[in-house]
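Its first residue numbered 1, the sequence shown is counted upward by one per residue in the UniProt record's numbering. Ideal Cβ placement from N, Cα and C applies to all residues, glycine included. These notes concern the structure reproduced below.
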Amino acid sequence: MAEIRVKLFKIMRKLAPAKMENKNQGNLISMITSDIELLEVFYAHTISPVLIAFFTSIFLFLYFFQLNYIYALYMLFAQFIVGIVVPYIAHKRSAKSGIEVRNKLGKLNDEFLDKLKGIREIIQYSQGKKVLKKIDEITSSLGENQKDLRNKASEVQMMVDSAIIILSIAQLLLSLFLISKGLVSVEASILAGVLQVGSFAPYINLAALGNILAQTFASGERILNLMDEKPAVSDNVSIVNDDITENDDILIDNISYSYENTDNKILKDFSLKIKKGQLTGIMGASGCGKSTLLKLIMRFWDTDSGKIILDRKNIKSIPLKNLYQKFNYMTQSTSLFIGNIRDNLLVAKADATDEEIYTALKKASFYEYVMSLPDKLDSVVEEGGKNFSGGERQRIGLARAFLANREFFLLDEPTSNLDILNEAIILKSLADEAKDKTVILVSHRESTLSICDNIFKI
């Protein structure tokens, strides 16, 4: 199970970030935890009953064949009915309910996770009853599906019991026929009858598997669907760079892009030249494509048309791992992990010294605050960094970028949660970084962009 989780996580890393943006977190958590746990039913409770039934069949077939070949053939027929036909019918009847149960469990996890994140707003605006009603509706619907599965399990048990009774009566009639023809003795027929009834025991477990595995197969299908999903971009692109002569660090050449399942062009025939050693600002109204442009430069998605050139190379010709290592990319929200401040900074550079960390914190105007904490760099970071304010989380994100010290800085509203004083310190640090690097700064605020060498409006 651990290996499956590791493999699934590797798949999600390949799908990230483009394909993971639209995935529901609760559903993914359900898949990684309970769905994979259900696969244990298949490995632990399916293989052994099948093997037991298989070897039982071989032993009884050989024994019955010595008594009379008709007994042997009838034994195979009876076990085929109880061990294969009944489980198949049970699975076909319960498969749909199994899929619905797994999907609704994922939906319920989504709902809980979403509402827990917004619990303060729910309380503030008195939306508790409305939220509880929606959760109750999902829970009730899930309960109906689970009840349906239990009812089908009872029906399968009735089918098994009925089949055993009918097949046992049929064996009795067969024995009477064979005795009347003098083909078997009374003692042999009694022994055959007892063995035949006893042989159904392992097949009863097989019959129940059809219903038990309904959710397991549904979980397996959900996991396989995720594993089969293709990333939005891949390294398997053949691009020739011989015709590129521009010396710009970043050249955006007549690109157009629209999000999946929409014809609306978020960027259309857009071009831009950005040179090294300059701090370039990008501004525009909300939804005009500023953040999308940075993601296209990072190649989270491929453009519909046009090309993006980085150091005289089409970014499609650069392996994704190498491309990502060229950038310090910071979004409007900073993700912090459970641990401490030091751990969260070492994400950017695992072998960084304390001196390097302190330098990065000073550039991000966060050094004095960290030093004022009792545990300093070892101060605890709770889940999602909830024990830090939005501005503090943002400064940790900026410190990461300064610590990584990569060739290109792509910053999306990096000072949106900061006061004027801290913003001024950080902007000065960015201006210093831009002397030998390429910095692209996206912001709504003209005051933030005032330090830029060039400002482009989208």
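For L113 and L293, what's the separation of their Cα atoms in angstroms? 30 Å
For L272 and T245, the rounded distance between their alpha carbons: Residue placement at T245 cannot be trusted, given a pLDDT of 47 that sits under 50; the coordinates are not used to answer.
Between the CA atoms of V101 and E37 - distance to the nearest angstrom: 15 Å
CB A78 to CB W301, shorter than 8 Å? no
Residue nearest to Y88 in terms of C-alpha spacing, selected from S34, M158 and A214: A214
Does DSSP classify G306 as helix, strand or coil? strand
Helix, strand or coil at F327 according to DSSP, with G and I counted as helix: strand
Buried or exposed: K7, going by 16 or more other Cβ atoms within 10 Å of its Cβ? exposed
Beta-carbon gap between D378 and N340 smaller than 8 Å: yes
Find the nearest neighbour of L173 within the set Y71, G118, V233 and S126, judged by alpha-carbon distance. Y71
Give the list of continuous beta strand (DSSP E) stretches no shorter than 3 residues that lie fully inside the segment 415-455. 438-442
Contact belief for G385 with L336 at Cβ below 8 Å, rounded distance in angstroms: 3 Å
Give the straight-line distance between the Cα atoms of M31 and A218, rounded to the nearest whole angstrom. 11 Å
For the beta strand (DSSP E) holding D270, just list the boundary residues, first then last. Reading off the sequence, residue 270 comes out as Phe, not Asp. Taken as a continuous stretch (DSSP letters only), the beta strand (DSSP E) holding F270 covers K265 to I274.
Paired residues, beta bridge with A317 - DSSP: As written in the sequence, residue 317 is Ser, which differs from the Ala given in the question. Bridge partners of S317: none, in fact.
Taking the alpha carbon of R312 as the point to measure from, which residue in S372, D249 and S34 has its own alpha carbon closest? D249
Would I455 and G281 be called neighbours here (beta carbons separated by less than 8 Å)? yes
Mapping DSSP to helix, strand and coil, what is V381? strand
Close-in-space but distant-in-sequence residues of the same chain around I426 (CB under 8 Å, 5 per side omitted): K363, A364, S365, R395, L398, P414, T415 and L418
Rounded Cβ spacing between G26 and G106 (contact assumed at less than 8 Å): 6 Å
Mapping DSSP to helix, strand and coil, what is N340? strand
Going by the beta-carbon positions, is the gap between M298 and F327 smaller than 8 Å? yes
Using 8 Å as the threshold, is the segment 400-411 in touch with the segment 349-358, meaning 3 or more CB pairs across them? yes
Ordered along the chain, which non-local residues of its own chain (more than five positions away) have a Cβ less than 7 Å from that of S291? D412 and V442
So, at 7 Å on beta carbons, what are the nonlocal neighbours of L346 in its own chain, with the 5 sequence-adjacent residues on each side left out? A352
Got a sec, what are the start and stop residues for the alpha helix (DSSP H) N68 sits in? N68 -> no alpha helix (DSSP H), and no H or E assigned at all.
Taking the alpha-carbon of I308 as reference, which of R342, D253 and S429 has the nearest alpha-carbon? D253
If you count every other CB in all the chains shown that lies within 10 Å of the CB of D161, and 16 or more means buried, which is it? exposed
Between the C-alpha atoms of D228 and K23, what's the straight-line distance to the nearest angstrom? 15 Å
Which partner residues of L224 appear in the DSSP bridge assignment? Its beta-bridge partners do not exist; DSSP assigns none.
Once DSSP output is grouped into helix, strand and coil, what is the label at V156? helix
Measuring alpha carbon to alpha carbon, tell me which residue in K115, T448 and N264 is nearest K129. K115
Quick check for students: name the residue ranges of the alpha helix (DSSP H) that lie wholly in the segment 54-133, counting only runs of 4 or more. 69-80, 86-117 and 119-124
Report, in whole angstroms, the separation of the C-beta atoms of Y74 and Q171, which I expect to be a contact under 8 Å. 7 Å
Just to confirm, is the Cβ distance from I199 to K152 under 8 Å? The question names Ile, but residue 199 is Ser in the sequence shown. For S199 and K152, no; Cβs fall outside 8 Å.
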